[in-house]
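2 protein chains.
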Amino acid sequence: MTIKIILADDHQIVRQGLRTLLTAEPDMKIVGEADNGRTALRLVQEHTPEVVIMDVSMPDLNGIEATRQILADYPGVKVIALSMHSDSLFVLNMLKSGASGYLLKDCALEELVKAIRTVVCKKTYLSPGVSDILIKDFASTWSDNNSSAFSILTTREREVLQLMAEGKSTNVIADQLCVSVKTVEAHRKQVMNKLGIHSVAELTKYAIRQGLTSLEN
Amino acid sequence: MTIKIILADDHQIVRQGLRTLLTAEPDMKIVGEADNGRTALRLVQEHTPEVVIMDVSMPDLNGIEATRQILADYPGVKVIALSMHSDSLFVLNMLKSGASGYLLKDCALEELVKAIRTVVCKKTYLSPGVSDILIKDFASTWSDNNSSAFSILTTREREVLQLMAEGKSTNVIADQLCVSVKTVEAHRKQVMNKLGIHSVAELTKYAIRQGLTSLEN
DNA sequence: GCGAAAATCAGGAAAATCCCTAATGCCTAA
DNA sequence: TTAGGCATTAGGGATTTTCCTGATTTTCGC
Numbered sequence: 614m615t616i617k618i619i620l621a622d623d624h625q626i627v628r629q630g631l632r633t634l635l636t637a638e639p640d641m642k643i644v645g646e647a648d649n650g651r652t653a654l655r656l657v658q659e660h661t662p663e664v665v666i667m668d669v670s671m672p673d674l675n676g677i678e679a680t681r682q683i684l685a686d687y688p689g690v691k692v693i694a695l696s697m698h699s700d701s702l703f704v705l706n707m708l709k710s711g712a713s714g715y716l717l718k719d720c721a722l723e724e725l726v727k728a729i730r731t732v733v734c735k736k737t738y739l740s741p742g743v744s745d746i747l748i749k750d751f752a753s754t755w756s757d758n759n760s761s762a763f764s765i766l767t768t769r770e771r772e773v774l775q776l777m778a779e780g781k782s783t784n785v786i787a788d789q790l791c792v793s794v795k796t797v798e799a800h801r802k803q804v805m806n807k808l809g810i811h812s813v814a815e816l817t818k819y820a821i822r823q824g825l826t827s828l829e830n
Numbered sequence: 614m615t616i617k618i619i620l621a622d623d624h625q626i627v628r629q630g631l632r633t634l635l636t637a638e639p640d641m642k643i644v645g646e647a648d649n650g651r652t653a654l655r656l657v658q659e660h661t662p663e664v665v666i667m668d669v670s671m672p673d674l675n676g677i678e679a680t681r682q683i684l685a686d687y688p689g690v691k692v693i694a695l696s697m698h699s700d701s702l703f704v705l706n707m708l709k710s711g712a713s714g715y716l717l718k719d720c721a722l723e724e725l726v727k728a729i730r731t732v733v734c735k736k737t738y739l740s741p742g743v744s745d746i747l748i749k750d751f752a753s754t755w756s757d758n759n760s761s762a763f764s765i766l767t768t769r770e771r772e773v774l775q776l777m778a779e780g781k782s783t784n785v786i787a788d789q790l791c792v793s794v795k796t797v798e799a800h801r802k803q804v805m806n807k808l809g810i811h812s813v814a815e816l817t818k819y820a821i822r823q824g825l826t827s828l829e830n
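Going line by line, the protein sequences match chains A and B. Start counting the first sequence at 614; every next residue gets the next number (our numbering). Start counting the second sequence at 614; every next residue gets the next number (our numbering).
In structure tokens:
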């Protein structure tokens, strides 16, 4: 049986590399490619793949949020996170969102094949080094700190927050989400109230700390 | 001869610890304490100390900027940077600003005494580990990348940018700098033009990358 | 000193934000 | 099954901020 795979990464070169590698495997087939989370979401609905290779930080809709939404609708899909940073916040948020694996981008390409085979067998796969991060972090701050963005904010609110933190104006956000400016304003207001933060600058910092957006881009 | 010292750190506990340690040295005297860069600046004018112990990230006016301004007026003053993070951006910007030493906060307190004695003898002192960072970084990205905030923006513009990135409104910034709102607006506009960035969110990210503000606070 | 750059400020138009209100749909507990 | 809570959507009008243009004073290097 063929394993259907979707690639989601905003760097074309990365996608090319992965595609080349994976097409060499006779029992794997890439059925779709996305350069942002929103497209990935749509492709999953279209193709119901077994596995999604998901970059953590992507513009528009990030990998963490995309993973949450995919798994809410398709709990059987296996998501493997792929990231440059071994930043613990990203790793933890990604795994909290339900990812089955976490790979660092500097790992050997062959590792990805191994990871895919592992997760389709209902197991999980972590890059060497990632598990260390987990242990260190669980031991310290994160054990019961459950006030992350993912428990206080609604899905829509997180979306709006991310877009704000990416520097988009209310107008642009409204367009992108296909709702009125007023709605976006309402969400932003709600986010600010919930977090007790009333400036875009501090909202941006919060979003970065929570892994909703990154310092780059 | 007594070495006059000024402490600038926004954490009271840190200042207390340092004070306790340094008062044990018969030839050293703390002549002033500040919890932000602006106060530090004023204290230097008042006391013309030999040494300033300067935290890198402080609210209102950060340690990097404060160091620049102090050394512009008092080139003989020795500034020793003190920081939690061994983040290379902070280290490099601090040293570019003219600091004579860089200590990590997790070093032994006795190291500070050693550092002070070293810098007053016209030499420099780096925490073990900091020099590694320098070498690694100079080798890679930083060799000629001179488009940092410190070469494009004026002093005033950096001040305004930092305050913006701390979430302060134009109004508050104007108050704090004792100028009119219109002036702050003009500076912000200028900053945005120079950087080609036109949203507070992205300005904030830029400021973080440049070490003008930190993710906390 | 002199010129360029920096820092300061004003007025009015345009845009974004804030505050209040409210309809709709969905889920849950009584 | 119905009432209530929450998420999402949205409008109107007041308020605030931003944007654009232009101008004066201050500073600083040569």
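Note that the Cβ used here is the ideal one computed from N, Cα and C, for glycine as well.
- Using a Cβ-Cβ cut-off of 8 Å, A/Glu779 counts as an interface residue toward chain B, since at least one Cβ of chain B sits closer than that to its own.
- For chain B, the residues of the segment 793–827 of chain A that bring a beta carbon within less than 7 Å of one of its beta carbons are Ser812, Val813, Ala814, Glu815, Thr817, Lys818, Ile821, Arg822, in chain order.
- Taking a contact to require three or more Cβ pairs closer than 8 Å, the segment 803–820 of chain A and the segment 767–775 of chain A qualify as touching.
- In the three-state scheme derived from DSSP, where H, G and I count as helix and E and B as strand, B/Tyr715 is classed as strand.
- Restricting attention to A/His624, A/Ile810, A/Val664, the CA atom closest to the CA of A/Val692 is found in A/Val664.
- Apart from the 5 residues on each side of it in sequence, A/Arg655 has no Cβ closer than 7 Å to any other Cβ in its chain.
- Around the Cβ of A/Thr636, a 10 Å sphere holds fewer than 16 other Cβ atoms; the residue is exposed.
- B/Leu739 is bridged by DSSP to B/Tyr715.
- For A/Ser782, the chain B residues whose C-beta falls within less than 8 Å of its own C-beta are Ser812, listed in chain order.
- Taking A/Met777 as reference, the option from A/Ser793, A/His800, A/Arg628 with the minimal CA-CA separation is A/His800.
- The three-state reading of DSSP puts B/Leu695 in strand, counting E and B together.
- Counted as a single uninterrupted DSSP element, the alpha helix (DSSP H) harbouring B/Ala787 occupies residues 783–790.
- Counting other Cβ atoms within 10 Å of its Cβ, A/Gln775 reaches 16 or more and is therefore classed as buried.
- The C-alpha of B/Glu678 is placed about 12 Å away from the C-alpha of B/Leu766.
- Residue pairing of B/Ile616 in beta bridges, as defined by DSSP: B/Met641.
- Between the segment 615–626 of chain A and the segment 640–656 of chain A there are three or more inter-stretch CB-CB distances shorter than 8 Å, so the stretches are counted as touching.
- For B/Ile666, the pairing in a beta bridge is given by DSSP as B/Leu620, B/Ile693.
- Minimum Cα-Cα distance from A/Leu631 among the listed residues A/Lys807, A/Glu798, A/Ala728 corresponds to A/Ala728.
- DSSP lists no bridge partner for A/Ala799.
- In this model, A/Leu828 and B/Leu816 are separated by some 11 Å (Cα to Cα).
- A/Ser696 is positioned such that its CB atom lies closer than 8 Å to that of A/Phe703.
- The C-beta separation of A/Asn649 from A/Asp623 comes to about 6 Å, placing the pair in contact by the 8 Å criterion.
- Ranking B/Thr680, B/Val732, B/Leu716, B/Arg730 by CA distance to the CA of B/Ser710 puts B/Thr680 first.
- Take the alpha-carbon of A/Glu724 and the one of A/Lys795: they are about 47 Å apart.
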